[in-house]
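Structure first, commentary second.
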Amino acid sequence: MASVITKDFIYEIGVEELPASYIQPALDQLAREAGEFFRESRLSFGSIQADGTPRRLALMVSKLEEKQEAWAEDVMGPSARAAFDAEGKPTQVALGFARGKGVELSALAVRNTPKGDYVFAHVERAGRFATDLLAEWLPQATRRLAFPKSMRWGQGGPLRFARPVQWLLALYGDKTVRFRLEHLESGNVTSGHRFLKPGPVKVKDAASYPGALEKARVMLRQADRRAAIEKLLKRDCEKAGLLPVEDAELVEICANLVEWPAGLLGRFDPAYLEVPEEVLICTLKEHQRYFAARDHSQRLAPSFFVVTNGGDRNLDGVRLGNERVLKARLEDAKFFFMEDRKAALADRLEELKKVVWLEGWGSLEEKSRRLESLAGWLAERLDPMQKGAAARAALLCKCDLVTNVVGEKEFTSLQGVMGGIYARLSGEREEAARAIGEHYRPRFAGDGIPVSRAGQIVALADKLDNLVGCFAAGLIPTGSQDPYALRRQAAGLVAILREQPQDAPLSEMISFAAGLHGPKALSQAATLLPAVGDFIRLRLEQALLDRGFGADLVAAVVSRRFDLVGEAFRRAEALTTLRQREDFEAVTQAFSRVTNILAKAPEAGAVDENLLKEEAERRLHRRFLALRPGVERLCQAGNFVEAFGQLGELCGPIDGYFQEVMVMAEDAALRSNRLSMLAQVASTLELIADFTKLVKK
Amino acid sequence: MPKTPTAKSKAAPARKAAAGAKAARRPYPYTFQEIILVLQEFWSKRGCLIVQPYDIEKGAGTFNPNTFLRSLGPEPWSVGYVEPSRRPRDGRFGENPNRCQMFHQYQVILKPSPNDIVDLYLESLVKLGIQPREHDIRFVEDDWESPTLGASGLGWQVWLDGLEITQFTYFQQVGGVELTPISGEITYGLERIAMYIQKKESFWDMEYGAGIGYDEVFRENERQFSRFNFEAADTAKLFRHFEDFEGEARRLIEAGMVLPAYDYVIKASHAFNLLEARGAISVTERTGYIARVRGLARKTAQAYLKLREDLGHPMLKAKQGT
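Chains as they are written, first to last, in the numbering used here: chain C, 1 to 697; chain B, 1 to 322.
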């Protein structure tokens with residue numbers, strides 16, 4: 001066999017500055033579709049990489065095969081009945097099919113298919129060149145790239161893209177893959193850095209592409225730019241005796257705003273340090289994308305680091321410009337903060353009356369009153385010592401929404417945090433201030449729950465109220481639509497409940513929270529309460545799966561009851577342990593005989609001992625009654641493993657029972673009594689889990 | 001005749017004055033009015049029509065018929081103009097260093113947007129003495145939307161050493177109409193650019209021109225209009241005006257007079273802005289009022305498309321810029 005010729009391939013889409021967050025998803029799509037295309041085209045390749053900057057998306061394929069191997073395929077044609085006449089002679093249909101496929105009649109064959117007998121043509125195909133295949137695929141793939149928002153430009157042609165496409169470079173080895181995409185023609189020319197090396201740059205061949213970009217002051221790889229930013233940040237801070245405030249998210253954003261990262265350290269007036277550091281860091285990051293820094297005693301330093309797009313001239317001028325902009329921003333922030341301090345946090349409750357919480361569902365002030373009651377009620381169940389602080393914090397936790405710093409003008413991301421700060425400044429108790437500061441947590445997947453007990457209680461109250469209120473108002477998440485982030489809130493609820501030393505029933509919480517919404521919610525209680533409960537159950541299942549429990553085990557734990565969230569986690573742990581036990585199969589098997597028969601007749605009532613005629617059933621009942629209180633106590637104490645062990649003692653009596661007792665007796669009273677007794681036995685095991693959901697290993 | 005500059009406005013340029021040529025007397029290349037002259041000349045040389053501000057109060061240069069109406073339909077249109085823009089809610093009684101209820105935009109519309117529009121823009125900065133190589137210029141994503149005009153587009157805020165100096169937008173939709181061809185809109189924030197060029201930290205320290213401070217020209221204006229916008233505007237009258245303007249716009253569209261009709265759309269929009277500044281419109285009502293103005297903008301856009309069609313799209317035959 002002749003050795004396969006391979007060459008590297010590069011495709012670069014040159015664009016006007018893309019939004020930072022659009023880059024990676026587009027690269028992922030490009031790489032994925034390229035892989036699919038090469039496999040479908042039967043072109044071998046070494047590796048596929050996609051990387052990019054705000055001005056270019058690049059696909060890099062190593063060792064791409066030059067040409068497909070020749071191949072043959074059998075193409076299905078007309079039915080045999082249409083293709084051949086009664087004497088077996090080919091008809092016009094057959095001739096036409098052969099001609100269409102470019103084969104001789106001798107290349108046709110009849111085959112039996114599930115649809116009947118059909119004619120197939122054996123077609124030999126010559127392998128095509130990668131460059132030809134690419135010339136067809138690249139424009140399609142480019143059009144297909146999906147962005148959160150795309151646009152048209154110029155004449156407004158049919159091509160849509162995230163920002164206007166400026167050039168297309170496509171090189172296979174040293175050969176340009178030629179194609180057109182609307183007014184654009186592919187070539188072997190890229191563009192250098194917009195300011196450092198403006199203008200076209202010719203690329204000799206695919207292998208020299210990375211070098212050509214480097215020379216043109218473009219750092220193509222995102223990872224390189226991130227590393228460069230981290231290094232510069234660290235270096236400049238160290239020189240000034242500072243430590244950067246780490247922020248991986250900001251590094252990533254900045255890396256996708258520039259093609260050649262540089263940066264410089266600027267300063268601001270230390271007088272602004274009287275503004276809380278949360279506000280300062282937020283001003284730096286959200287308004288200007290600057291990094292903050294600390295001194296060695298961990299105090300915020302009056303310095304900032306700005307990532308620039310590679311410029312190395314007039315650095316003092318650039319620094320001064322950035323410092324002036326920041327000064328105006330900090331002046332605003334300070335003004336807002338000082339204005340906010342003029343009023344005590346509690347005085348803002350009055351203002352909350354004017355802010356609608358949910359259209360038609362009252363004001364934020366009404367919500368605050370509900371939260372106060374709900375937090376007090378929750379505290380009585382979860383941690384009575386916290387009642388005072390939790391209720392006070394709950395009442396005030398929304399007041400920062402009408403402050404200047406959090407309100408529409410400035411930083412919504414500081415909601416809660418500012419409330420905590422203002423609460424302290426207003427002389428509220430530390431526990432309450434802290435709870436206000438933490439009550440939105442967890443704010444995102446992977447974020448921690450509130451640390452303080454009062455904070456946990458307020459967070460629970462807020463999330464419950466949001467869930468119940470939104471569901472009652474019909475704002476129920478569907479598919480990817482979840483504008484009120486109810487899934488995240490339900491997940492947060494589960495995460496907090498999991499950590500409570502004392503469990504309280506979820507159903508009672510939901511029902512109490514609904515009650516606080518008044519008749520408008522209560523009138524739909526019959527559907528509302530289970531809907532909210534079910535919604536939370538899904539998050540609970542997800543939380544269990546995320547902890548590594550198998551899907552069947554999660555179903556076994558949650559299917560019958562999930563009212564006590566902390567307990568559900570403990571049952572999942574216990575079940576995992578139990579599954580390792582030697583007697584596990586024997587016990588569950590014995591009980592499955594019970595549940596199987598109940599499935600056919602799921603009626604259950606009180607047991608009449610006088611109707612227990614057979615010795616075997618009396619024995620089982622006796623043993624069961626003797627064991628039950630202990631098992632229930634063990635379950636309540638969370639010792640599910642021991643409870644299971646005790647129930648295991650019923651194996652013998654159960655086996656004996658099924659050998660000697662005819663459950664489905666003719667006599668209805670007898671039958672119903674037997675089923676009732678079995679139901680009691682089964683329900684005791686279900687205190688641990690629904691074992692029928694487990695899939696045998 | 002210009003009045004005598006106040007002590008404050010005179011301070012910055014005058015104290016640093018050195019003997020010699022006029023330009024050398026100040027440490028910056030351009031006054032506020034010279035920046036406008038530079039942009040007028042630059043875009044004029046690049047084939048733009050240079051028109052005057054439209055003589056009705058409005059929130060932004062986008063409301064000018066040279067943008068709103070001319071971006072509709074197939075005909076090319078390239079234009080540049082200054083637009084004094086009023087945002088009643090942004091008034092700060094002349095106390096804030098860079099927030100005003102009236103400020104100036106320099107608006108450029110290039111329809112269709114040329115392939116080198118970004119380069120053209122950067123060239124205009126060079127003419128203003130801003131060498132890209134000596135600054136940090138960034139194109140930061142910005143999805144622009146005007147709910148009152150039923151208009152939206154994608155583009156950037158342009159940052160100069162961290163300062164937003166321009167809004168750069170490829171219009172996608174205007175008056176609810178999907179556009180073809182696409183207009184490129186460049187909106188320079190003149191005060192911010194002047195502040196940067198003159199190295200000032202406040203509008204009130206800038207030189208407007210001829211040795212006279214921006215302070216002298218506009219500060220009392222800010223004080224009085226802030227009082228008017230926030231405290232004195234008669235809301236009952238404004239509500240009545242809004243109704244009247246809306247009615248008039250409808251009537252004129254029906255009567256086939258789309259251009260006067262559009263004047264009343266702009267007027268209705270400004271009446272709404274004033275009512276909002278007066279706190280006379282609640283959050284819930286707000287959406288309703290915006291939708292009413294947008295409804296008018298849509299009708300106007302439709303009528304204007306029809307008008308140009310009836311006129312036979314004369315600009316498709318004309319050749320601009322040669």
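Cβ atoms here follow ideal geometry from the backbone N, Cα and C, with glycine treated the same way. Being a predicted model, the structure only gives us computed values, none of them experimental.
Chain B residues whose Cβ lies nearer than 8 angstroms to that of residue i
| i | result |
| --- | --- |
| A328 (chain C) | P97, N98, E201 |
| V325 (chain C) | D161, G162, L163 |
| L257 (chain C) | R138, V140 |
| Q288 (chain C) | G162 |
| G317 (chain C) | E134, H135, D161 |
Chain C contact residues for residue i, given Cβ-Cβ distances below 7 angstroms
| i | result |
| --- | --- |
| P132 (chain B) | F195 |
| T180 (chain B) | G156 |
| N229 (chain B) | Correct list: empty, because the minimum Cβ distance to chain C is about 17 angstroms. |
Separation of residue j from residue i, as counted between CA atoms
| i | j | result |
| --- | --- | --- |
| R133 (chain B) | P54 (chain C) | 18 angstroms |
| K10 (chain B) | G211 (chain B) | Low per-residue confidence applies at K10 (chain B): pLDDT is 40, beneath 50, and the placement is therefore not dependable, though the value from the model is reported in the following sentence. Roughly 7 angstroms separates the two Cα atoms. |
| H241 (chain B) | A268 (chain B) | 7 angstroms |
| P114 (chain B) | G184 (chain B) | 8 angstroms |
| S150 (chain C) | V140 (chain B) | 16 angstroms |
| Y323 (chain B) | C48 (chain B) | In this structure chain B extends from 1 to 322, so residue 323 (chain B) is not present and cannot be described. |
| A21 (chain B) | P29 (chain B) | Here A21 (chain B) scores only 44 on pLDDT, less than 50, and its place in the model should not be relied on; the value that follows carries that caveat. Rounded to whole angstroms, A21 (chain B) to P29 (chain B) spans 12 angstroms at the Cα level. |
| G156 (chain C) | G455 (chain C) | 54 angstroms |
| A292 (chain C) | A135 (chain C) | 48 angstroms |
| L264 (chain C) | G437 (chain C) | 33 angstroms |
| R570 (chain C) | E66 (chain C) | 59 angstroms |
| P442 (chain C) | L371 (chain C) | 18 angstroms |
| D546 (chain C) | L506 (chain C) | 21 angstroms |
| I510 (chain C) | R488 (chain C) | 17 angstroms |
| D332 (chain C) | N98 (chain B) | 11 angstroms |
| V557 (chain C) | E359 (chain C) | 38 angstroms |
| P2 (chain B) | V217 (chain B) | Summary for P2 (chain B): the model assigns pLDDT 39, below 50, so the residue's position carries little reliability; its value from the coordinates is reported in the next sentence. Distance between the alpha carbons of P2 (chain B) and V217 (chain B) is about 9 angstroms. |
8 angstroms Cβ cutoff, residue i in contact with chain A
| i | result |
| --- | --- |
| I137 (chain B) | Within the model displayed, chain A is absent; protein chains C and B are what it includes. |
Within chain B, the residues that residue i reaches when beta carbons sit closer than 7 angstroms
| i | result |
| --- | --- |
| N309 (chain C) | D136, R138 |
| E339 (chain C) | Within 7 angstroms Cβ-Cβ: nothing; E339 (chain C) doesn't reach chain B, min ~13 angstroms. |
Bridge-paired residues (DSSP) for residue i
| i | result |
| --- | --- |
| V110 (chain C) | C:V119 |
| V334 (chain B) | In the structure as shown, chain B starts at 1 and stops at 322, and residue 334 (chain B) therefore has no counterpart that could be examined. |
| R86 (chain B) | B:M102 |
| I281 (chain B) | None, per the DSSP bridge assignment. |
| E178 (chain B) | B:Q173 |
| M151 (chain C) | C:F161 |
| D142 (chain B) | B:G155 |
Cross-chain neighbours of residue i in chain C, by beta carbon under 9 angstroms
| i | result |
| --- | --- |
| T62 (chain B) | Those do not exist, as T62 (chain B) stays about 17 angstroms from chain C at its closest Cβ, beyond 9 angstroms. |
| P112 (chain B) | W153, G154, Q155, G156 |
| D244 (chain B) | Chain C residues near D244 (chain B): none, gap ~29 angstroms exceeds 9 angstroms. |
Proximal residues of chain C, C-beta to C-beta of residue i below 8 angstroms
| i | result |
| --- | --- |
| V82 (chain B) | Those within 8 angstroms of V82 (chain B) in chain C number zero; the least Cβ separation is about 24 angstroms. |
| D118 (chain B) | Correcting the residue type first, residue 118 (chain B) is Val in the shown sequence and not Asp. Going along chain C in sequence order, the residues near V118 (chain B) (Cβ under 8 angstroms) are E16. |
The region 138 to 155 of chain C: which residues have C-beta closer than 7 angstroms to a C-beta of chain B, in chain order?
Taking a C-beta cut-off of 7 angstroms against chain B, the contacting residues of the region 138 to 155 of chain C are K149, M151, R152, W153, G154, Q155, listed in chain order.
What ranges does the alpha helix (DSSP H) occupy inside the region 158 to 220 of chain C, keeping only unbroken runs of at least 4 residues that lie completely in it?
Whole alpha helix (DSSP H) segments, 4+ residues: 209 to 215.
Would you list, in chain order, the members of the region 147 to 160 of chain B that have their beta-carbon closer than 9 angstroms to a beta-carbon of chain C?
G153, L154, G155, W156, W159, L160
Quick one, which residues of the region 633 to 662 of chain C are near chain B if we go by CB-CB under 7 angstroms, in chain order?
Result list empty, no residue passes.
Listed in chain order, which residues of the region 52 to 77 of chain B have Cβ atoms closer than 9 angstroms to some Cβ of chain C?
none
What runs of the beta strand (DSSP E), each 3 residues or longer, lie entirely inside the region 3 to 75 of chain C?
6 to 15, 48 to 53, 56 to 65
Positions along the region 19 to 43 of chain C whose CB lies within less than 9 angstroms of some CB in chain B:
When C-beta distances to chain B are compared with 9 angstroms, the residues of the region 19 to 43 of chain C below that value are P19, A20, S21, Y22, in chain order.
Inside the region 275 to 344 of chain C only - alpha helix (DSSP H) runs reaching at least 4 residues:
277 to 282, 315 to 341
Residue ranges of each alpha helix (DSSP H) within the region 424 to 471 of chain C, 4 or longer
Under the rule that a run must span 4 or more residues, the alpha helix (DSSP H) segments found entirely inside the region 424 to 471 of chain C read 430 to 438.
With 7 angstroms as the C-beta to C-beta threshold (strictly closer), list the residues of the region 257 to 280 of chain B near chain C in chain order.
Against chain C - using a Cβ distance shorter than 7 angstroms - the region 257 to 280 of chain B contributes no residues.
What are the residues of the region 167 to 195 of chain B that lie near chain C, defined by any Cβ-Cβ distance shorter than 9 angstroms?
Y170, Q172, E178, L179, T180, P181, I182, G184, M195
What are the residues of the region 537 to 549 of chain C that lie near chain B, defined by any Cβ-Cβ distance shorter than 7 angstroms?
Against chain B - using a Cβ distance shorter than 7 angstroms - the region 537 to 549 of chain C contributes no residues.
Residues from the region 180 to 204 of chain C in contact with chain B, defined by Cβ distance under 7 angstroms
F195
Which residues, in chain order, does the region 203 to 222 of chain B contribute to contact with chain C at a C-beta distance below 8 angstroms?
none
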